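Using this note's numbering, the first residue of the sequence shown is number 673, and each one after it goes up by one. Note that beta-carbon positions come from the ideal geometry of N, C-alpha and C, so glycine has one too. Note that the coordinates shown come from a computational prediction; the quantities given were computed from them, not determined experimentally. Notes follow the structure.
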Amino acid sequence: MTILLVAAGGFLGAVCRYWVSIFFSSTTNSRIPYGTLCVNLIGSFLLGLLAGSGLKGDHYALTAIGFLGGFTTFSTLSIELVNMFKHKEYGSFFFYLSISYFGGIGCAFTGMLLYMTG
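Okay, structure coming up:
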């Protein structure tokens, strides 16, 4: 049963990531891939909330592993960074790298603290 919950959550998360990416690519014209940035920061925040909640079992499998695993994307972030570096877009590269990693950690920490103090 757990594997089906992970699969269902992953499907829904991936579809939501696709919608966010489509939205940002149609509304922004920037070297920074804001769709990927947003899903990763939002996903980090939500995962922090879930970690703070102590959620376990099937609910954790559905939401954290499934949905947020499908919603966020490390591989897309990595290839976008490689392409920026390859095209000598160093300012965009360092901005995106910094905001993705430090912002992601900050969002996860904020989500966890928010739940624990809420």
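- Ranking S750, L753 and P705 by CA distance to the CA of Y690 puts P705 first.
- With a beta-carbon spacing of about 12 angstroms, T674 and A736 fall beyond the 8 angstroms limit used to define contacts.
- Under the rule that a run must span 4 or more residues, the alpha helix (DSSP H) segments found entirely inside the stretch 719-747 read 729-732 and 740-743.
- Its chain contains N712, L713 and S716 as the residues whose beta carbon lies nearer than 7 angstroms to that of G776, once the 5 sequence neighbours on both sides are disregarded; these appear in chain order.
- Nearest neighbour of S750 by Cα position, chosen from Y762, L740 and Y768, turns out to be Y768.
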